[in-house]
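Visitor: Would you mind keeping the following structure in view while I ask a few things?
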Amino acid sequence: MSTVGTPKSPEQIQHDWDHNPRWKGITRTYTPKDVVALQGHVVEESTLARRGAEVLWEQLHDMDYVNSLGALTGNQAVQQVRAGLKAIYLSGWQVAGDANLSGHTYPDQSLYPANSVPQVIRRINNALLRADQIAKVEGDRSVENWLAPIVADGEAGFGGALNVYELQKAMIAAGVAGSHWEDQLASEKKCGHLGGKVLIPTQQHIRTLTSARLAADVADVPTVVIARTDAEAATLITSDVDERDQPFITGERTKEGFYRVK
């Protein structure tokens with residue numbers, strides 16, 4: 199029987215977490231056995247996601263900053279890479295406005311179908327793959343790496359930890375290199391410059407990030423998981439349960455039950 203796609207053992211995973219410099223400073227609240235239990239008997243290879251994550255991680259450590267622009271079509275991404283950009287950004291605001299699967303123009307409030315971003319990731323990667331193939335056939339070496347890593351907007355996760363897990367899995371399958379997740383309440387999510395944003399407690403946002411990391415571990419891909427906060431502009435939070443948030447809570451509450459923060 200073929201061994202292609204055979205999952206690593208819990209011991210192999212633990213060794214990687216303990217000794218691979220990539221995981222320095224990363225805290226996991228789950229075990230290698232938990233990862234293996236979720237993998238089934240075959241782990242599908244996610245070549246583009248793995249390659250992109252490794253390239254992005256190197257860029258973040260070797261460059262002063264990684265310059266990128268938002269792309270919502272494959273051709274835009276091709277032109278950006280041709281112009282010299284080393285990474286592609288996929289904005290939830292752009293997807294809401296003109297690249298979602300419902301075919302509508304939405305404000306940036308996570309109103310679009312959650313699988314829209316994975317679909318655009320796949321389209322961009324398909325375009326970059328085609329550009330790479332054409333360049334190879336024509337002997338064009340003007341671009342060193344057509345497969346620029348894609349950093350995608352996971353918004354507030356479109357729900358709870360399970361929603362984050364499924365969305366991260368879908369983005370990895372489409373070939374994402376990195377994803378960022380914000381600490382807004384998903385059901386009240388608003389664009390960064392709009393008022394009325396509602397934060398979730400720090401411990402809840404950590405659950406979001408942990409879920410995204412778990413999905414990447416189950417896929418056996420070193421996805422770059424990025425935490426994003428709206429705390430500087432937000433004036434509301436759902437709960438005062440987390441001690442780390444309490445110094446910023448005024449004690450006032452809204453008629454919806456949210457706590458005001460300063």
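Our numbering puts the first residue of the sequence shown at 199, with every later residue one more than the last.
Every residue, glycine too, gets a C-beta built ideally from N, C-alpha and C.
1. Quick check: what's the CA-CA separation for G203 versus H213?
2. Please return the same chain residues whose Cβ sits closer than 6 Å to the Cβ of A413, not counting the five positions on each side in sequence.
3. Output the boundary residues of the beta strand (DSSP E) element that contains I351.
4. Quick one: measure Cβ to Cβ for S300 and I286, integer angstroms, because I've assumed they're closer than 8 Å.
5. With a CB to CB cut of under 7 Å and the five nearest residues on each side skipped, what residues in its chain are close to D351?
6. Between R411 and the rest of its own chain, which residues show a CB-CB distance below 6 Å, the 5 nearest in sequence each way excluded?
7. Should V178 and V318 be called a contact, given that it needs their Cβ atoms to be closer than 8 Å?
8. If you drop the 5 nearest sequence neighbours on each side, which residues of the same chain put their C-beta closer than 8 Å to that of V349?
9. Just the Cα atoms here: how many angstroms apart are N273 and V341?
10. Determine the closest residue to G295 out of A251, G268 and E336, with distance taken between C-alpha atoms.
11. Compare the C-alpha of M369 against each of F446, G355 and Q210 and name the closest.
Guide: On the basis of the supplied data:
1. Sequence index remark: in the sequence shown, residue 203 carries index 5 (1-based). Sequence index remark: in the sequence shown, residue 213 carries index 15 (1-based). Approximately 19 Å, taken between the alpha carbons.
2. Residue mapping note: residue 413 aligns to position 215 of the sequence shown, counting from 1. Within the same chain, and ignoring the five residues on either side of A413 in sequence, the residues whose Cβ sits closer than 6 Å to its Cβ are Y363, Q366 and K367.
3. Here residue 351 corresponds to residue number 153 of the sequence shown, with the count starting at 1. Checking the sequence, you will find Asp at residue 351 rather than Ile. Counting along the chain, the beta strand (DSSP E) containing D351 begins and ends at I348 to D351.
4. Against the sequence shown, residue 300 aligns to sequence position 102. Against the sequence shown, residue 286 aligns to sequence position 88. The beta carbons of S300 and I286 sit about 23 Å from each other, so the pair does not count as a contact at 8 Å.
5. Position 153 of the sequence shown, counted from the start, is the residue given in the question as residue 351. Hits under 7 Å: L288, S289, G290, V315 and H378.
6. Residue 411 sits at position 213 when you count from the first residue of the sequence shown. Correct list, in chain order: V423.
7. One cannot answer for residue 178 here, as it falls past the ends of the chain, which runs 199 to 460.
8. Mapped onto the sequence shown, residue 349 falls at position 151. Here the set comprises L254, S266, A285, I286, Y287, L288, V374, A375, G376, S377, H378, V422 and I424.
9. Indexing the sequence shown from 1 puts residue 273 at position 75. Indexing the sequence shown from 1 puts residue 341 at position 143. If you draw a straight line from the Cα of N273 to the Cα of V341, it is about 15 Å long.
10. By one-based count along the sequence shown, residue 295 stands at place 97. Checking every option, the nearest Cα to that of G295 belongs to G268.
11. What you label residue 369 is simply residue 171 of the sequence shown in a count that begins at 1. Measuring from the Cα of M369, the nearest candidate turns out to be G355.
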